[in-house]
Each structure stands twice: as C-alpha cells, then as structure tokens.
C-alpha cells in the first residue's frame, strides 16, 4: 500500500529521536528523583527491592545484568550502599555518586540531632544558588527473579561489633536524601547528567526537573507545617538515620536505639536508653520499617512513653516511582507530628 505523498514527506522529515539512556539507581529516594526528571522518556531501574534494608542487600543475577547494561548509575555512594560499590568495581559504566558532589550538604553522625542547624544548610550556603526544578511522573521498577551477587558482606563487619560501641558511630552520615535541600540540588545534577547523555531530550529533562523542584518544595512546606508542633520535643528513633531530617525541620532527636548502619544494639546501650525513658526524657519513640519492633516494646514496657507509627526513612516500604520522594517527606512528618500531638 502506498502512503499519500504528504504523509510520506512528513515521515521522512521527522527526525528519529534517540532512546533515553538506561539508568540504574540504588535506593527508592534516588530512584524517585530520577524518575521525576526522566518523566515519560524512560523508566529508571531501582535495585533495592521493596521492603529491603538499604544497608544490607544482595543483588540478584537479573539486577547485576541491569547494572552491566546501564548507561549511567545514579547512587548515593559507598557510604550508603557498599554492596553496590563492590558490584561496580572495575566497571566502566558512568556513575553519579550523589554524596560525592561538592554541592551536597553533608553531616557527620550525631550532627543535626540536638544542634539542628540545617538550617545547617547555612553551613553550606553554596547550595543556595540551586534554584531548580521538578516534575512528577511515575515509575517503579520491579524485575525480580532470584538470588544474588555483590553484597551486604560489606556490612558484616558491623555485625561483629554490634554488641558494643553502638553509638560510637562516626564519620559521614549517608542519609542525606532526608534533606529536601539536597534533593533539590540532586534534581539539577540528574537533569544535567541526563541532558549530557541524551541531548535530544534536554528540553524535556529541564521541564521535568522544574516540575520536580516544585513538587519537592511543596512537600517540604507541608512537612514544615505539620512539624511545627514537634519543635523542641525530645524524640527517640530506631537508628541513627534522621540527622538531616532533624536539621531540616528543627527536630530534637535525643537518642537512637541502633547506630547509623542499623547494627544490632548492645545490652549496655539498651540499659542506658531504658534509664532515659524512665526519667521521662523522651516524649515519643518510633519503631522503624525492616527492623525488629521488639526493641521498642521492651524498652517502653511499663512506661507511659508514647510509641509512634513505624517510620521508614529509606522509603523502601512505599510504592516506588516519581511520587515517592514527596510522599516520604510528608509521611515522616505526619507520623512524627501525630505522636507528638498525643504525647503533649
């Protein structure tokens, strides 16, 4: 069958756009920000399974294949997902490690808890130049067959030390996605990297990033409003993952049950926490997704300390996709605010 001449001409005149690059991400928050910027152009792959612990994970063969076929890996960095560092060793795949960016606002473990100055963003003013963008689209990723590859052995050493010095955890706190300011910086960097890899779609990435910026900014404002009730209220969390969130939203986290790598807490540390709870030094204590709630129930047995809703700082129990990051911010905020409101 012959096409009409006008249609034939139109088809010949239409440039063939390149496919969007294959992007692989490590954790749900990074996947969400990337999905926002990619929009309808492509679906980034999320390596971390839904409900899995980002500190202790093993890749399945299908995930290792996706990694080897990627054009770009966008990840937090080895401080957060050491299992991915091992998998990437020797690979020539382009990488964007978000914690390594000079613009990223970083904290040491213990910062941001009772000295909430992230407002400590002020320490890193450099970032304020970043007025960027956003979008909101979708995209989860679930390819799942079974088994492993490079993994959580990187964190096995922590298990050996689990029963002591739980809170001697020092060094860079890798949970930097819980700072909305970092998310805005990363949206810009993701857009820049995608546009470099796929210049034909640069205008679309820019528009998506502008929408993403707006969505994160809106979620941040909603979280701030919800958490006004929680300022200066002493809180206890399951593991040392909330420094950035506390700094961003002016919260007072006095203690965590486990260290920053979510290692098993020791008996001595648990005894100290129980003493703090007995002296009414904590208004709310929060269990956490992927971790044994028995620690919380045992610590509060016979006490009036309020137990809050289960927190999920990694977002791994949420539906993956573009909406996950704004939802993560507002859900954490509402869960904390709800407990504080009933504890007052």
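Numbering (mature numbering (1 follows the signal peptide of the UniProt record, and there is no 0)), first residue to last: -18 to -1, 1 to 326. We put the CB at the ideal spot given by N, CA and C, even for glycine. These numbers come from a predicted model, not from an experiment.
Can you tell me which of the three DSSP states residue 152 falls into? coil
Quick one: what's residue 316 bridged to in DSSP? Partner(s): none; residue 316 has no beta bridge.
Closest residue to residue 253 among 283, 216, 5, 177 (Cα-Cα distance): 283
Is DSSP giving residue 48 helix, strand or coil here? helix
Can you tell me whether residue 50 is buried or exposed, with buried defined as 16 or more other CB within 10 angstroms of its CB? exposed
Excluding the 5 residues preceding and the 5 following residue 309 in the sequence, name in chain order all residues of the same chain whose CB lies nearer than 7 angstroms to its CB. 300
Euclidean distance between Cα positions of residue 141 and residue 180: For residue 141, the predicted structure reports a pLDDT of 36, less than 50, and the residue's modelled location is therefore unreliable. A value from the coordinates is still provided. Residue 141 and residue 180: Cα-Cα distance of roughly 43 angstroms.
Which full runs of the alpha helix (DSSP H) of 4+ residues lie inside the stretch 20 to 71, going along the chain? 43 to 50, 64 to 70
Taking the alpha carbon of residue 286 as the reference point, which residue from 60, 321, 293, 229 has its own alpha carbon closest? For residue 286, the nearest C-alpha among the options comes from 321.
Ignore the nearest five residues each way along the sequence and tell me which others in residue 77's own chain have a CB closer than 6 angstroms to its CB. 55
Shortest alpha-carbon distance to residue 60 belongs to which of 82, 40, 41? Of 82, 40, 41, the residue nearest in Cα terms is 82.
Distance, residue 207 Cα to residue 196 Cα: Their Cα atoms are separated by approximately 17 angstroms.
By DSSP, does residue 18 sit in helix, in strand, or in coil? Residue state, collapsed to three classes: helix.
Under 8 angstroms between C-beta atoms of residue 272 and residue 24: no
Exposed unless 16 or more other CB atoms sit within 10 angstroms - verdict on residue 228: Flag for residue 228 reads buried.
Give the range of the alpha helix (DSSP H) segment to which residue 172 is assigned. 162 to 179
Are the CB atoms of residue 292 and residue 270 nearer to each other than 8 angstroms? yes
Can you tell me which of the three DSSP states residue 293 falls into? strand
Please state whether DSSP places residue 227 in a helix, a strand or coil. helix
Rounded distance between the beta-carbons of residue 172 and residue 218, thought under 8 angstroms: Their Cβ separation, rounded to whole angstroms, is 34 angstroms, which puts residue 218 and residue 172 out of contact at 8 angstroms.
How close, in whole Å, do the beta carbons of residue 41 and residue 8 come, if the pair is a contact with beta carbons under 8 angstroms? Contact flag wrong, Cβ pair sits at about 10 angstroms.
Per DSSP, what kind of secondary structure is residue 116 in: helix, strand or coil? The predicted model places residue 116 with a pLDDT of 39, which falls under 50 and marks its position as unreliable, so this point remains unresolved.
For residue 305 and residue 162, the rounded distance between their alpha carbons: Approximately 14 angstroms between the Cα atoms of the pair.
In the DSSP output, what is residue 89 paired with across the bridge? Residue 89 has 155 as its beta-bridge partners, per DSSP.
Residue 182 to residue 74 span [Cα, whole Å]: 24 angstroms
So for residue 204, helix, strand or coil by DSSP? Note: residue 204 maps to helix in three-state DSSP.
Hey, residue 169 and residue 28: beta-carbon distance below 8 angstroms or not? Not in contact: residue 169 and residue 28 (Cβ atoms no closer than 8 angstroms).
Option in 313, 21, 275 with minimal Cα separation from residue 190: 21
So residue 58 and residue 164 are in contact, right, with Cβ under 8 angstroms, and what is the actual spacing, rounded? 10 angstroms between Cβ atoms; not a contact.
Going by the CB atoms, is the gap between residue 214 and residue 406 shorter than 8 angstroms? Here the chain comprises residues numbered -18 to 326, so residue 406 is not present and cannot be evaluated.
Counted within 10 angstroms of its Cβ, other Cβ atoms place residue 297 as buried (16 or more) or exposed: buried
Helix, strand or coil at residue 251 [DSSP, three-state]: It is helical.
Is it right to say residue 152 is buried, meaning 16 or more other beta carbons lie within 10 angstroms of its own, or is it exposed? exposed
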